[in-house]
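Those protein sequences? They're chains A and B, same order as listed.
4 is the number of the first residue of the first sequence in my numbering; add one for each residue after it.
56 is the number of the first residue of the second sequence in my numbering; add one for each residue after it.
Read through the structure below, which is laid out as structure tokens, and then see the notes.
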Amino acid sequence: MTTSVELVVIGAGPGGYACAFRAADLGMKVAIVEPRAQLGGVCLNEGCIPSKALLHSAEIIKEAHHMRDWGLDFGQPKIDLDKLRGKKDEIVASLTQGLAGLAKRRKVEIVSGYAKFTGSNELSINGESLSFEKAVIAAGSEPISLPGWPEDERIWNSTGALELRSIPDQLVIVGGGIIGLEMATVYSALGSEVTIVEMSAQIAGTADPECAAILHQTLASEGITLHTNTGVTAVTATAEGIELSCEGAFTGTLLADNVIQAVGRRANGNKLDANLAGVEVMDNGIIVVDEQCRTNQPHVFAIGDVTGNPMLAHRATHQGHVAAEVAAGHEAALDTDLIPSVAYTQPELAWVGLTVAEAKAKQVPHKTTSFPWAASGRNLASGGGAGLTKLIYCPETHRVLGASIVGKGAGELLAELVLAIEMSATLEDIALTVHAHPTLSETIAFSAERALGTLTDL
Amino acid sequence: MSTIIASPSVRAAARRQGVDINELAQRLNRQQITLDDLNAKAGQSPAAGAQDMNQYWDVDHTQYGALSQTETSKFDRIAAANLSAANALIPQVTHHDEADLSAVEKLRAKLKAEALSKGVKLTTLAFFVKALAVTLKQFPKFNASLSADGKSLFLKEYVHIGIAVDTDYGLMVPVLRDVDTKGVLQIAAEITDLATRAKNRKVGPDEMGGASMTISNLGGIGGTAFTPIVNPPEVAILGITRTRVTPVWDGAEFTPTPMAPLDMSYDHRVINGADAAKFMATLCKTLADPRFLLV
Numbered sequence: 004m005t006t007s008v009e010l011v012v013i014g015a016g017p018g019g020y021a022c023a024f025r026a027a028d029l030g031m032k033v034a035i036v037e038p039r040a041q042l043g044g045v046c047l048n049e050g051c052i053p054s055k056a057l058l059h060s061a062e063i064i065k066e067a068h069h070m071r072d073w074g075l076d077f078g079q080p081k082i083d084l085d086k087l088r089g090k091k092d093e094i095v096a097s098l099t100q101g102l103a104g105l106a107k108r109r110k111v112e113i114v115s116g117y118a119k120f121t122g123s124n125e126l127s128i129n130g131e132s133l134s135f136e137k138a139v140i141a142a143g144s145e146p147i148s149l150p151g152w153p154e155d156e157r158i159w160n161s162t163g164a165l166e167l168r169s170i171p172d173q174l175v176i177v178g179g180g181i182i183g184l185e186m187a188t189v190y191s192a193l194g195s196e197v198t199i200v201e202m203s204a205q206i207a208g209t210a211d212p213e214c215a216a217i218l219h220q221t222l223a224s225e226g227i228t229l230h231t232n233t234g235v236t237a238v239t240a241t242a243e244g245i246e247l248s249c250e251g252a253f254t255g256t257l258l259a260d261n262v263i264q265a266v267g268r269r270a271n272g273n274k275l276d277a278n279l280a281g282v283e284v285m286d287n288g289i290i291v292v293d294e295q296c297r298t299n300q301p302h303v304f305a306i307g308d309v310t311g312n313p314m315l316a317h318r319a320t321h322q323g324h325v326a327a328e329v330a331a332g333h334e335a336a337l338d339t340d341l342i343p344s345v346a347y348t349q350p351e352l353a354w355v356g357l358t359v360a361e362a363k364a365k366q367v368p369h370k371t372t373s374f375p376w377a378a379s380g381r382n383l384a385s386g387g388g389a390g391l392t393k394l395i396y397c398p399e400t401h402r403v404l405g406a407s408i409v410g411k412g413a414g415e416l417l418a419e420l421v422l423a424i425e426m427s428a429t430l431e432d433i434a435l436t437v438h439a440h441p442t443l444s445e446t447i448a449f450s451a452e453r454a455l456g457t458l459t460d461l
Numbered sequence: 056m057s058t059i060i061a062s063p064s065v066r067a068a069a070r071r072q073g074v075d076i077n078e079l080a081q082r083l084n085r086q087q088i089t090l091d092d093l094n095a096k097a098g099q100s101p102a103a104g105a106q107d108m109n110q111y112w113d114v115d116h117t118q119y120g121a122l123s124q125t126e127t128s129k130f131d132r133i134a135a136a137n138l139s140a141a142n143a144l145i146p147q148v149t150h151h152d153e154a155d156l157s158a159v160e161k162l163r164a165k166l167k168a169e170a171l172s173k174g175v176k177l178t179t180l181a182f183f184v185k186a187l188a189v190t191l192k193q194f195p196k197f198n199a200s201l202s203a204d205g206k207s208l209f210l211k212e213y214v215h216i217g218i219a220v221d222t223d224y225g226l227m228v229p230v231l232r233d234v235d236t237k238g239v240l241q242i243a244a245e246i247t248d249l250a251t252r253a254k255n256r257k258v259g260p261d262e263m264g265g266a267s268m269t270i271s272n273l274g275g276i277g278g279t280a281f282t283p284i285v286n287p288p289e290v291a292i293l294g295i296t297r298t299r300v301t302p303v304w305d306g307a308e309f310t311p312t313p314m315a316p317l318d319m320s321y322d323h324r325v326i327n328g329a330d331a332a333k334f335m336a337t338l339c340k341t342l343a344d345p346r347f348l349l350v
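Given below as structure tokens:
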């Protein structure tokens, strides 16, 4: 093992490896410290990618089912759980191996183990010392475990849920955020009776209420039970299953074969003895950074989930590049507030920028315009269900300030609007841009046209 | 979100160059910043340079003593913007000459009573306007405008003369049309009419603009010379200050002669110095012998 590097990156998630690779490309001598045997972090190993593989399966099951109405009956799917799990693991393995190759090509050394700071320029990994000039903490986050719950292997977190150990008959998911909703989509399609219990009034937390309501209705119509405004007061493990006592809009007891806890993630900032390098870590494990991803120590950076919300891979990646460039002496910064959020549910829910609630709170002048997907030819012709494209804009300048889309493929459609907002596009810019017909992307242009009074499709 | 419009690549370039986008936008008095603006920072355009200077008069004057503050009028602001642009963008030269007004004044004295009987106040300015029109006919380059891209010159077949009028609302420039086809009496009548209506803010937008050249006449007030600023898209402006009776040597003796100081600023991109000198010599000759007004 190398004993000294210019830059050490702690954690090989999407932020960590992007940072290490960028720094190596800029000519630095770089090492990554990672406890997992594979690169890619939570995202690749037990998050974004495996969940997408399972969601793809869920989508095929659902779509095949819905094609009965079109006169195409594929019958009941036969689910070979071992093979499905194997396929998912194969996809993950191919990506992680790809990453290992990219690291090797860049001569980035992978050090296996947990890193702990022992001084301002020194780490200890499995008792061995590594000195560094600069460090990037990319230690990520872990699922929050609710206090007072019994220890029971029938209770999963998101990592456990993605292991696809079994398909429970009765599955309760505590937490109606993005992760909970995606797991509900997967297991519901695989045949579980799914119940979501959510404390707040709305699923998908900060999403646009109108779009979240459409997702809520669609999930309910697909047989998922959703209890919002409901809290779990007690959990007991019995021979029959896990019993959850609920109070609120739904008061009563739920009995589940398995329960998934999906109530958020906690930053891993407290696991590194970062104080020994003089780095301040908040009690909740978050390390506060500036827009150049610097901690209170000028030679120590932090990126990704460990820097707080939104805990999203694409934010981490961009921060990773910024930290690498700043560490290499370049002028760079994460100079944007636009971090898109996507729930890869069926239908997908995606949003970016200002929401109506934020606009009201900040007293930003705003108006909204939208286009219902029931009027989209492509949506109807593709068997898409309910959907809505909604834009928030400045009434004076017509600049787009925020966007929410619910519907099939919303996550892909959102990219146009992220770029539009970054480029300060106005409704006119979007309306005058020719969108191919028939596509779902037209709903974006139609929303703009609707606000401008030039729409002829509604 | 910032109200400044700049794409991610522009924001990144600004950061690399150490440019504060918000500050730059404020200085350029603009909402949108492009890569061109950042690149222009190195070799600033004259207009941008002028705007940049604004920061030097962003001063808290109260630290030096008591004062009051009034808003500038819309008129003043439009004039200020136009003058700033003209001064920044046009390479201007001012040529000075003087005209012997003995003959004009004699003629004016003779016609004065008759003009008054027709209700017309015959001013010396009317002769200047007519003489300028006659001179412009002989120098087509002075009765011209440069295209916006600077690649062509528009030569005007009409002669319209703008008259700068000082009003309570600010500077206005009503324009006398087709002066080359009009007599001095009619010109005098039209000047009086336009000037009166300008002071009462009764001049329509169609009565301004489109001049061949503008006259700024300070003769009634005083001065020996000044440097007027060309009023684009015109390529020259004529300034007049107070006529003084001065001893002029005619080869045998000094004769008391009313001499009018004339200052012409011109766009050096269109007009060169020799042309300007010839133009002014012709104008002075025309004024010195009003018979030329008939030719």
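From the three backbone atoms N, C-alpha and C, an ideal C-beta is built for every residue, glycine too.
Asked, Found
"Exposure label - Q506(A); buried when at least 16 CB within 10 Å", "In the structure as shown, chain A begins at 4 and stops at 461. Residue 506(A) is therefore absent and cannot be evaluated."
"Chain A contact for S62(B) (CB, 7 Å cutoff)", "yes"
"Where the alpha helix (DSSP H) through F50(B) begins and ends", "This structure cannot speak to residue 50(B), because chain B is shown only from 56 to 350."
"Cα-Cα separation between E328(A) and D113(B), rounded to whole angstroms", "38 Å"
"Contact the region 258–273 of chain A vs the region 168–184 of chain A: 3+ CB pairs below 8 Å", "yes"
"Own chain residues within Cβ distance below 6 Å of A250(B), not counting five before or after", "V220"
"Amino acids of chain B, ordered along the chain, whose beta-carbon sits closer than 9 Å to that of T339(A)", "P63, R66"
"Contacts that R71(B) makes with chain A (C-beta to C-beta distance below 7 Å)", "E334"
"Proximal chain B residues relative to V344(A), where beta-carbon distance stays under 8 Å", "Looking at the sequence itself, residue 344(A) is Ser, so the reference to Val does not match. None at all; the shortest Cβ gap to chain B is about 17 Å."
"Beta carbon of G178(A) nearer than 7 Å to that of A265(A)", "yes"
"Three or more C-beta pairs below 8 Å linking the region 442–456 of chain A and the region 404–420 of chain A", "yes"
"Contact with chain B by S407(A), beta-carbon distance below 7 Å", "no"
"Inter-residue Cα distance where the pair is G151(A) and G43(A)", "32 Å"
"Cβ neighbour criterion (16 or more within 10 Å) applied to T178(B)", "buried"
"Buried versus exposed call for S97(A) [16 or more other C-beta atoms within 10 Å across all chains shown]", "exposed"
"Minimum Cβ-Cβ distance from L79(B) to chain A less than 7 Å", "no"
"Contacts around V291(A), its chain only, beta-carbon distance under 6 Å, and the 5 residues preceding and following it disregarded", "none"
"Delimiting residues of the alpha helix (DSSP H) encompassing P316(B)", "Here P316(B) belongs to no alpha helix (DSSP H); instead the beta strand (DSSP E) covers 309–322."
"Alpha-carbon spacing of G226(A) relative to G194(A), whole angstroms", "10 Å"
"Partners in chain B for E425(A), counting only beta-carbon separations shorter than 8 Å", "S62, P63"
"Whole-angstrom C-beta distance between G265(B) and T296(B), which should lie under 8 Å", "That belief does not hold up - the Cβ atoms of T296(B) and G265(B) are roughly 26 Å apart, past 8 Å."
"Sequence-distant residues of the same chain with beta carbon closer than 7 Å to E419(A), five excluded per side", "S444, I447"
"DSSP-derived helix/strand/coil call for K206(B)", "coil"
"Range of the contiguous beta strand (DSSP E) that encloses L258(A)", "255–259"
"N- and C-terminal bounds of the alpha helix (DSSP H) containing V45(A)", "44–49"
"Status (buried if at least 16 other CB within 10 Å, exposed otherwise) for Q79(A)", "exposed"
"CB contact flag (S3(A), K119(A), <7 Å)", "Here chain A comprises residues numbered 4 to 461, so residue 3(A) is not present and cannot be evaluated."
"Check: P345(B) C-beta below 6 Å from any heavy atom of the ligand SAM", "The ligand SAM is not among the ligands present in this structure, which contains no ligands whatsoever."
"Sheet register partners of K370(A) (DSSP bridge)", "Y396(A)"
"Nearest residue (CA-CA) to A34(A), options C22(A), G386(A), H230(A)", "C22(A)"
"Buried or exposed (CB count within 10 angstroms, at least 16 for buried), T256(A)", "exposed"
"Residues near T221(A) by beta carbon distance below 7 Å, same chain, minus five either side", "P350, G388, A389"
"Where S344(A) sits in the DSSP three-state scheme", "strand"
"Continuous beta strand (DSSP E) stretch holding R268(A): start and end", "268–270"
"Beta-carbon proximity check, A305(A) vs G18(A), cutoff 7 Å", "no"
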